[in-house]
Amino acid sequence: MVVINSDDHLPDLVAVAIGRALWRYRSELAPITLALMLALGGAVLHITHPGWWPGIIATGALAASLLVFTGRRVGLLLRAERFYAATVALSAGAWLACATALGVPYGRLPQVLIIGTAVLGLPWWVHRRRRARVRVERQLSAWPEISQAVGLVGSRVQSAVVDVWGWRARFALARGQTLQDVTAKIPALESALGTFRGAVRVQPTRDDKANRFELRVLNIDPHADAIAWPGPSVHTITEPIDLGPFEDAVPAKVLFLRRHGLFGGLAGSGKSGGINVLMGNLSACRDVVIWAIDLKRGMELQPWAPCIHRLATTPDQARALLRDAVEVLEVRAEHLAATGRRVWEPSPDMPALVIVIDEYAELADDAPDATTFTDSIARRGRAVAVTLIAATQRPTQKAMGQGAVRSQMDVRISFRVRERKDVELILGQGMLSAGWHAHSLNAPGKFLVSAPEHDVPRRARAYLLTDDAVTAAVSEASASRPELDEMSLRALDEAHAARLHEPVSATAEPMPTMPTDGAEKDVQALCEALEGAPEDGIPVPHLIKITGMSRPTLYRRLNELVRAGRAVQVTRGRYRVPDPGSEHTG
Ligand SMILES: Nc1ncnc2c1ncn2[C@@H]1O[C@H](COP(=O)(O)OP(=O)(O)OP(=O)(O)O)[C@@H](O)[C@H]1O
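Below, the structure written as structure tokens:
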């Protein structure tokens, strides 16, 4: 609409309006502008330099070949775009050469120009990216008004790029304005830009300047469809695991080495899907031993059982598993201290131990005493590469047990939550106001990740593993799973043996009896080995070698001998016969 002021002269106004329209539609008019310039150029050259036509043809051909081979540098990313530009350059050169030599009105040259403009203009007019770019330019030219309307007066557009999903632009903020101010204006920006709800993202620029921000507007949701899992992204836990792509197709890679992780989100938000992606990757790592707790009777993690060294599905098993994890932690910590090293570097011989706990709240409810072990692991497990990955719907202090587990989680992954306050429960305090809007995630599998390398709220979508993908991943990985290192295994054996020595109630555990018949030979071999033991005892691995017994059998036999007064434990993992003068009381 044009408002005519009584002071305006009509001819000036028409000229201004036409000028504005020509400028506004300059992109659409580009083929016609080119045709007019060719006609004008042809007319002038025919009068002034009619002999230049061979040079003009050569220039057209050179421009065409440059566009084909180096067009990418000037933004012609697709081959089709480069060939189109080359065809236009060649045709324009050929027509201009003819017009220069023969004159514009010669023969059918004018008709050729008109038809050529229409034919070659068509791809230009329908080109999706060009039209998108024009749309964006128009939206951004209105930024001064938009910024005023949303309360970001003084902010300026610095650059803009159109991509397959929409566009993004870099802005400079006015003095005193911050990224938080822009984040708070997202709904107003969506309205002012005329996008659909949820289409605008705001994030810091790559250089992390406090007075800059990047605005991303999505025309199409890149996460609209489920994204199939492409297979494991790592074969070692020392590398970050790809959980799924962010909206700009960059993979959301998260390092889980020496870090505890929390997967939160309401029922059906895709937590188990996220855990599946993690399991698929951990299973492919040759330097990780996986233990898991799934108190929903193994419903979620059972399919991964061949890759899981220990799967606890009852509260008792979970308690025992966590207690053993603490034993591993202790012995590794002792080893690090003894060898003067700070951290445990995982390798296939010395693997990390990752304990995956599905629905942590069930553990806190059904085995509350076990949370002292998880607390220990959460506090002290990082350095020794014994880590926890817990999934839960709402990680309230009650659901996480009363300890420090939640506060020790370094990687927080939030799927959709029901209420705004749940954002802070999963991701931490202050995250909601900093733009971590997990309550607005609108499909299962979409998540926000907060980790040392991810401190900006960016939406990602976890890959989806079908049942077939899980089966294939399990059969691929199960054959090459590593064992716990010798030292940790020994510590566990000793801990188990020591537990058997613990006084137990008569009803809880039957008293061991001395072996009979076939087992006697074993015992005899064992006793002989113990008799030959030095003062400080013989270590368990030697006894295994000498007797040929399996570790559990050996410990059972040792335990029986200790109870019968025929052997003593000198120190951890070392046994011998008792001193002749000592009296057995047990
Ligand atoms: N990454 C994903 N992409 C697409 N769809 C997904 C994705 N993850 C999960 N879904 C869909 O959402 C449904 C629920 O997912 P999932 O079981 O992982 O949720 P959950 O949060 O673990 O729920 P619960 O707490 O009840 O176990 C799945 O059946 C699947 O169809």
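Residue numbers are given in the UniProt record's numbering: position 251 of the sequence shown equals residue 251, and the series is strictly consecutive.
Glycine is no exception: its CB is placed at the ideal position from the N, C-alpha and C atoms.
May I ask you to check if the CB of residue i is nearer than 7 Å to at least one heavy atom of ligand 1?
i	result
Arg-461	yes
Pro-444	yes
residue 599	A question about residue 599 goes unanswered here, because the residues of the chain that appear run from 1 up to 586.
Ala-61	no
Lys-271	yes
Leu-464	yes
Ala-228	no
Gly-231	no
Gly-93	no
Ala-210	no
Phe-246	no
Gly-298	no
Gly-265	yes
Gly-268	yes
Phe-256	no
Phe-196	no
Phe-373	no
Tell whether a beta-carbon distance below 8 Å holds between residue i and residue j.
i	j	result
Ala-172	Ser-155	yes
Val-354	Thr-387	yes
His-309	Met-487	no
Ala-252	Ala-460	yes
Leu-152	Glu-453	no
Pro-346	Ala-337	no
Thr-396	Leu-363	no
Ala-404	Arg-379	yes
Lys-446	His-235	no
Arg-412	Gly-428	yes
Arg-212	Arg-170	yes
Gly-41	Leu-96	yes
Leu-278	Ile-389	yes
Leu-243	Ala-462	yes
Thr-59	Gly-103	no
Pro-457	Gly-270	no
Ala-367	Ala-318	yes
Ala-64	Ala-89	yes
Asn-559	Ala-497	yes
Arg-574	Gly-537	yes
Thr-313	Asp-294	yes
residue 604	Val-217	Residue 604 lies beyond the residue range present for the chain, which begins at 1 and ends at 586; the question has no answer from this structure.
Val-202	Ile-186	yes
Pro-31	Gly-107	no
Who pairs with residue i in a beta bridge, going by DSSP?
i	result
Ser-414	Gly-264 and Leu-448
Trp-167	Val-162 and Val-217
Gln-408	In the DSSP output, where bridge partners are listed per residue, Gln-408 has none listed.
Arg-576	Val-568
His-454	Ala-451
Pro-539	Arg-574
Thr-392	Gly-264
Thr-387	Val-354
Leu-464	Ala-228
Val-157	Phe-171
residue 643	Since the first residue of the chain shown is 1 and the last is 586, residue 643 is not available in this structure.
Arg-459	Leu-448
With 8 Å set as the bound, which would you pick, yes or no: does the beta-carbon of residue i sit closer than that to a beta-carbon of chain B?
i	result
Lys-253	The structure shown contains no chain B; it holds only a single protein chain.
Which whole-angstrom value describes the C-beta separation of residue i and residue j, a residue pair presumed to lie in contact below a C-beta threshold of 8 Å?
i	j	result
Arg-259	Asp-410	4 Å
Ile-220	Gly-176	Incorrect: roughly 35 Å between the Cβ atoms, too far for contact.
Asp-493	Met-350	17 Å between Cβ atoms; not a contact.
Ala-383	Arg-342	7 Å
Ser-283	Cys-307	4 Å
Arg-576	Leu-526	Not confirmed; about 12 Å, so no contact.
Arg-418	Leu-554	Not quite, the Cβ-Cβ distance comes to about 53 Å (not below 8 Å), so this is no contact.
Ala-385	Leu-257	7 Å
Ser-233	Asn-281	6 Å
Phe-373	Val-328	With a Cβ gap of about 11 Å, Phe-373 and Val-328 do not count as contacting.
For ligand 3, is there any heavy atom lying closer than 7 Å to the beta carbon of residue i?
i	result
Phe-415	The model on display carries ligand 1 but not ligand 3.
request  = Only counting runs of 3 or more residues, tell me where the beta strand (DSSP E) segments fall wholly within the segment 260-318, in order along the chain.
outcome  = Taken in chain order, the unbroken stretches of beta strand (DSSP E) that lie wholly in the segment 260-318 and span 3 residues or more are 261-264, 288-294 and 310-312.
task = Could you name each continuous alpha helix (DSSP H) segment of 4 residues or more that falls completely within the segment 202-256, going from the start of the chain to the end?
result = List check, alpha helix (DSSP H) in window: nothing returned.
Inside the segment 346-379 only - alpha helix (DSSP H) runs reaching at least 4 residues = Listed in chain order, they are 360-366.
task = Would you mind listing the alpha helix (DSSP H) stretches within the segment 30-73 that are 4+ residues and don't spill past its ends, in chain order?
result = 53-70, all fully within the segment 30-73.
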